[in-house]
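Here's the structure, in structure tokens; my notes come after.
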Amino acid sequence: MRPWRLAALAVALLAGCNNGATQPAASGPSETPTRRWRIAVIPKGSTHEFWSSVHAGAEKAAAEAGNVEVLWKGPLLENDREQQINIVDDFRVQHVDGICLAPLDSQSLIASVEAAKNEGIPTVIFDSALDNPELVVSYVATDNYRSGVLAAERLAQVLDGNGDVVLMRYSQGSESTFQREEGFLATLKEKYPDIQVLSSNQYAGSTAEISLDNCQQMLLKYRDDLDGVFTVCESNSAGMLGALENEGLAGKVRFIAFDPNARLIQAMADGKVDGILLQDPVNMGYLAVKTMVAHLNDKPVEQQVDTGEYVATPENMHEPDIDKLLHPVKFGD
448 MRPWRLAALA VALLAGCNNG ATQPAASGPS ETPTRRWRIA VIPKGSTHEF WSSVHAGAEK
508 AAAEAGNVEV LWKGPLLEND REQQINIVDD FRVQHVDGIC LAPLDSQSLI ASVEAAKNEG
568 IPTVIFDSAL DNPELVVSYV ATDNYRSGVL AAERLAQVLD GNGDVVLMRY SQGSESTFQR
628 EEGFLATLKE KYPDIQVLSS NQYAGSTAEI SLDNCQQMLL KYRDDLDGVF TVCESNSAGM
688 LGALENEGLA GKVRFIAFDP NARLIQAMAD GKVDGILLQD PVNMGYLAVK TMVAHLNDKP
748 VEQQVDTGEY VATPENMHEP DIDKLLHPVK FGD
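If you count the sequence shown from 1, position 210 lands on 657 in the working numbering, and the numbers rise without skipping.
Next comes the structure, spelled out in structure tokens:
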């Protein structure tokens with residue numbers, strides 16, 4: 448038991464034994480109890496496995512701090528900007544001590560973050576950047592541009608530097624996936640002139656079901672010419688896998704996915720996926736909360752924190768470090 452708690456217990460016992468009589472003041476220095484921080488953690492959505500792992504990391508940081516309560520809440524779907532804005536504003540009204548936010552849109556959340564700052568509530572942004580970095584304490588995320596570079600290099604490797612490919616984008620306004628898309632396209636252009644991008648302006652959508660439909664339409668259009676595809680998030684990757692299987696192209700069209708789930712991992716073992724770009728969602732949630740706690744305790748923090756990016760392949764997927772990222776712990780495990 449901490450010293451200040453022992454001291455508090457002793458005072459309470461003395462007061463009880465004295466029937467409310469005034470006790471003399473204790474001599475010597477006293478220790479002030481540590482303040483308990485209430486930190487709102489707001490993901491982009493509530494359905495994808497990635498966010499459950501972020502939640503686990505956030506709770507780990509809170510448990511280590513010992514004086515932090517994580518208030519976890521996000522929109523159900525990753526296209527509901529209005530709901531996410533309302534969640535931020537609700538926590539602002541509650542006057543939480545800090546907000547850790549993965550903004551669905553790099554611009555639409557600016558007003559809410561600015562309002563929180565004006566009311567003395569700091570914000571750490573994680574996963575996906577805000578267009579006004581001056582408003583936030585820190586940005587904790589994967590190097591998403593580099594992830595796109597790694598995806599291009601892996602696809603070029605399995606295509607032997609030659610072929611026709613398609614990039615399926617995620618959703619307008621999502622800064623993290625935009626950086627992945629840009630890193631992918633720039634790398635192919637600069638390093639692999641014999642790889643032609645047939646399409647890079649189509650959006651897969653924010654759910655696996657919508658992605659399945661959009662990816663299937665793309666395959667119908669390009670199937671006779673297509674050698675490879677890249678999708679930039681878990682829901683898009685799940686949709687693309689389903690479309691490739693439905694069209695009989697799984698294992699024939701080379702496929703680079705982003706973010707793992709059980710089905711994608713099994714598909715990679717089965718030769719239907721050639722690589723999965725990995726983040727470290729547990730570390731992301733952990734470092735987002737840890738950075739906010741440091742700021743609240745008036746300690747210096749880095750303006751940008753890189754949580755790491757990796758590529759899983761059929762060849763390395765059973766290595767311990769990669770396996771751990773393919774199967775990250777989830778909240779409640």
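Here a beta-carbon is modelled for each residue, glycine too, at the ideal position from N, C-alpha and C.
When T624, L582 and V720 are compared against A563, the one with the closest alpha-carbon: As a position in the sequence shown, residue 563 is number 116, starting the count at 1. When only C-alpha atoms are compared, the closest one is L582.
To which residues does DSSP link R485 through a beta bridge? Taking the sequence shown and counting its residues from 1, the one referred to as residue 485 is at position 38. E516.
Mapping the DSSP letters down to three states, classify M715 as helix, strand or coil. As a first step, residue 715 must be located in the sequence shown, where it is residue number 268. Here M715 sits in helix by DSSP.
The alpha helix (DSSP H) that contains D537, what's its start and end? Locating residue 537 in the sequence shown gives position 90, counting from the first residue. Counting along the chain, the alpha helix (DSSP H) containing D537 begins and ends at R528 to V540.
Segment limits, beta strand (DSSP E) that includes F702: Position 255 of the sequence shown, counting from 1, holds the residue named residue 702. That run of the beta strand (DSSP E) goes R701 to F705.
Less than 8 Å between the beta carbons of A714 and L688, yes or no? As a position in the sequence shown, residue 714 is number 267, starting the count at 1. As a position in the sequence shown, residue 688 is number 241, starting the count at 1. Cβ atoms of A714 and L688: closer than 8 Å.
Length of the line joining the Cα atoms of S653 and E525: Numbered from 1 along the sequence shown, position 206 holds the residue referred to as residue 653. Numbered from 1 along the sequence shown, position 78 holds the residue referred to as residue 525. Annotation: S653 to E525 spans about 6 Å, alpha carbon to alpha carbon.
Taking all protein chains shown into account, do 16 or more other C-beta atoms lie within 10 angstroms of the C-beta of E766, making it buried, or fewer, making it exposed? Counting from 1 along the sequence shown, the entry for residue 766 is found at position 319. Exposed.
Quick one: give me the first and last residue of the beta strand (DSSP E) that C680 is part of. Taking the first residue of the sequence shown as 1, we reach residue 680 at position 233. Where C680 is concerned, there is no enclosing beta strand (DSSP E), because DSSP gives it neither an H nor an E.
Could you say if the segment 537-549 and the segment 734-748 meet the contact criterion of at least three C-beta pairs nearer than 8 Å? With three or more CB-CB distances shorter than 8 Å, the segment 537-549 counts as touching the segment 734-748.
Applying the criterion that 16 or more other CB atoms from any shown protein chain within 10 Å of the CB defines a buried residue, is P580 buried or exposed? Here the question's residue 580 lines up with position 133 in the sequence shown. Classification of P580: exposed, given that the 10 Å Cβ count is below 16.
Which listed residue (S499, P490 and K491) has its alpha carbon closest to that of D780: As a working note, residue 780 is residue 333 in the sequence shown. Of the listed residues, the one whose Cα sits closest to D780 is S499.
Cβ neighbour criterion (16 or more within 10 Å) applied to Q750: Translated into the one-based positions of the sequence shown, residue 750 becomes position 303. Exposed, because fewer than 16 other Cβ atoms sit within 10 Å of the Cβ of Q750.
Is L725 near P707, with beta carbons less than 8 Å apart? Here residue 725 is taken as the residue at index 278 of the sequence shown, counted from 1. Here residue 707 is taken as the residue at index 260 of the sequence shown, counted from 1. One thing to note: L725 has its Cβ within 8 Å of the Cβ of P707.
Return helix, strand or coil for T624, following the three-state DSSP convention. Residue 624 sits at position 177 when you count from the first residue of the sequence shown. In the structure shown, T624 sits in a helix (DSSP, three-state: H, G or I).
What are the residues that DSSP puts in a beta bridge with A655? On the sequence shown, position 208 is the one that residue 655 refers to. Here A655 is not bridged, per DSSP, to any residue.
Between the segment 627-642 and the segment 594-608, can you find at least three pairs of beta-carbon atoms closer than 8 Å? Put simply, the segment 594-608 touches the segment 627-642. At least three CB pairs are less than 8 Å apart.
With contact counted as at least three CB pairs below 8 Å, one residue from each stretch, are the segment 529-537 and the segment 751-759 in contact? Counting Cβ pairs under 8 Å, fewer than three are found: no touch.
Where the beta strand (DSSP E) through G722 begins and ends: Position 275 of the sequence shown, counted from the start, is the residue given in the question as residue 722. Element bounds for G722: G722 to L725.
Secondary structure of A503, DSSP reduced to three states: Position 56 of the sequence shown, counting from 1, holds the residue named residue 503. In the three-state reduction of the DSSP assignment, A503 falls in the helix class.
Between the C-alpha atoms of A697 and L691, what's the straight-line distance to the nearest angstrom? Within the sequence shown, the letter at position 250 stands for residue 697. Within the sequence shown, the letter at position 244 stands for residue 691. Looking at the two C-alpha atoms, the distance is approximately 5 Å.
Mark K771 as exposed unless 16 or more other C-beta atoms lie within 10 angstroms of its C-beta, in which case mark it buried. Residue 771 sits at position 324 when you count from the first residue of the sequence shown. By the neighbour-count definition (other C-beta atoms within 10 Å, threshold 16), K771 is an exposed residue.
Roughly how many whole angstroms lie between the Cα atoms of G732 and D671? As a working note, residue 732 is residue 285 in the sequence shown. As a working note, residue 671 is residue 224 in the sequence shown. The alpha-carbon separation between G732 and D671 amounts to approximately 43 Å.
Based on the DSSP output, what are the partners of Q643 in its beta bridges? Mapped onto the sequence shown, residue 643 falls at position 196. Beta-bridge pairing by DSSP links Q643 to D611.
Which residues in the same chain have their Cβ closer than 7 Å to the Cβ of N683, if we skip the five residues on either side of it in sequence? As a working note, residue 683 is residue 236 in the sequence shown. If we look at N683 and ignore the five residues flanking it on each side, its Cβ neighbours are M615, Y617, A651 and S658.
Considering only the beta carbon of each residue, do L518 and R485 sit closer than 8 Å? In the sequence shown, the residue the question calls residue 518 occupies position 71. In the sequence shown, the residue the question calls residue 485 occupies position 38. Taking 8 Å as the Cβ cut-off, L518 and R485 qualify as a contacting pair.
List in chain order: all unbroken alpha helix (DSSP H) runs of 4+ residues lying wholly within the segment 549-624. The qualifying runs are 557-565 and 591-605.
Which of helix, strand or coil does DSSP assign to N708? Mapped onto the sequence shown, residue 708 falls at position 261. For N708, the secondary structure class from DSSP, reduced to helix, strand or coil, is coil.
Rounded to a whole number of angstroms, what is the C-alpha to C-alpha distance between R503 and T589? On the sequence shown, position 56 is the one that residue 503 refers to. On the sequence shown, position 142 is the one that residue 589 refers to. Correcting the residue type first, residue 503 is Ala in the shown sequence and not Arg. So the two alpha carbons sit approximately 17 Å from each other.
Quick check on the DSSP output: the beta strand (DSSP E) that includes A759 runs from which residue to which? The count along the sequence shown starts at 1 and reaches residue 759 at position 312. Start and end: Y757 to A759.
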